[in-house]
Amino acid sequence: MFRDIDINEISDGKLYDIDDEVPVGCNACEGCSECCQTTGDSIILDPYDMYNLSKVLNKSFEEMIEKEIEIRMVDELILPNIKLYDENNKNAEDKCPFLNENKRCSIHKYRPGFCRLFPMGRYFFNSNDSSLNKKDYKYILQINECTKPKEERYNVKLSEWIGIEDIEQYEQFVDKWHSFKINIQEILSQMPEEKGIKMARYILQIFYVIAYDTSKDFYEQFYHRMSKISLK
Ligand code: SF4
Ligand code: SF4
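For the sequence shown, our numbering gives the first residue as 6, with consecutive numbering after it.
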């Protein structure tokens with residue numbers, strides 16, 4: 006979801022790179038699970054998240070839908086997000102379905118990119134910005150998200166915080182996926198509604214519904230899928 010915001014209102018005003026130290030360390034949240042109980046449906050999943058969820062749950066998109074994930078329109082696209090509330094269990098608390106009884110993430114190693122970053126976020130520049138070379142975003146520290154007092158947090162290298170093995174390849178993917186979404190949203194916004202929805206469904210199908218082979222590399226499959234879509 007793209008937000009037109011003043012970063013000084015939501016962050017400490019600094020822009021961070023992947024190798025920077027950031028004040029987010031919290032001893033694995035020390036039993037706090039506040040954000041996992043409240044941010045679920047704002048966790049929009051990207052194709053890498055979908056690959057990881059398929060791997061850890063050993064389920065197809067269809068099997069996950071309505072229990073662990075749901076879909077909705079986000080800026081012209083139809084995208085999946087983590088489902089916050091189990092409608093089949095009226096006694097269930099509002100929380101992420103992956104939060105276990107010990108208030109820990111049951112899919113920690115495979116958690117979505119949003120959770121990996123939190124309380125950091127990404128700040129995307131306008132892609133015409135001439136100062137951009139390698140990628141067109143930096144990271145920000147969101148100051149109103151984590152409830153843990155700032156004084157209790159210690160510095161951690163951002164790449165370690167995110168905890169993805171090939172971080173360079175991951176960052177390139179994030180960049181590519183973001184530009185793709187910007188371009189396609191522009192195109193969809195100019196299409197007649199019915200045609201736009203059809204296209205949005207097709208994109209959902211290509212990047213999320215068609216199963217990934219989780220025994221093989223994600224990135225190769227992602228770029229192959231990307232090559233099937235022409236933006237012209
Ligand atoms: S996936 Fe894990 S880290 Fe993310 S909100 Fe759910 S329980 Fe929390
Ligand atoms: S609110 Fe902060 S301390 Fe609590 S679970 Fe979330 S990130 Fe951890």
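Cβ atoms here follow ideal geometry from the backbone N, Cα and C, with glycine treated the same way.
These figures come from a predicted structure and were not determined experimentally.
Residues whose Cβ lies closer than 5 Å to any heavy atom of ligand 1, listed in chain order: Cys41, Cys101, Phe103, Leu104, Cys110, Arg116 and Cys120. The three-state secondary structure of Leu163, taken from DSSP, is helix. Between Ile112 and Phe123, the gap from beta carbon to beta carbon reaches 7 Å or more.
Residue nearest to Glu81 within the set Tyr142, Lys186 and Ile215 is Lys186 (criterion: CA-CA distance).
Between Ile23 and Leu209, the CB-CB gap reaches or exceeds 7 Å.
Boundaries of the alpha helix (DSSP H) harbouring Lys181: Ile172 to Ser194, taken from the DSSP string. If you draw a 10 Å sphere on the C-beta of Ser59, you find 16 or more other C-beta atoms in it, and that means buried. Relative to the non-hydrogen atoms of ligand 2, the Cβ of Thr43 never comes closer than 6 Å to any of them. Per DSSP, Arg206 is one residue of the alpha helix (DSSP H) stretching across Glu198 to Leu209. Sorting Leu20, Val161, Ile87 and Glu173 by C-alpha distance to the C-alpha of Pro28 places Val161 at the top. Residue nearest to Thr43 within the set Gln174, Glu150 and Leu62 is Glu150 (criterion: CA-CA distance).
With the rule of 3 Cβ pairs closer than 8 Å, the stretch 218–228 counts as touching the stretch 46–65. Distances between the C-beta of Ser194 and the heavy atoms of ligand 2 are all 6 Å or more. Cys101 and Lys88 have their C-alpha atoms some 7 Å from each other.
Beta-bridge pairing by DSSP links Gly126 to Ile145.
Per DSSP, the unbroken alpha helix (DSSP H) holding Ile12 starts and ends at Ile12 to Ile15. Listed as beta-bridge partners of Leu84 by DSSP are Arg77.
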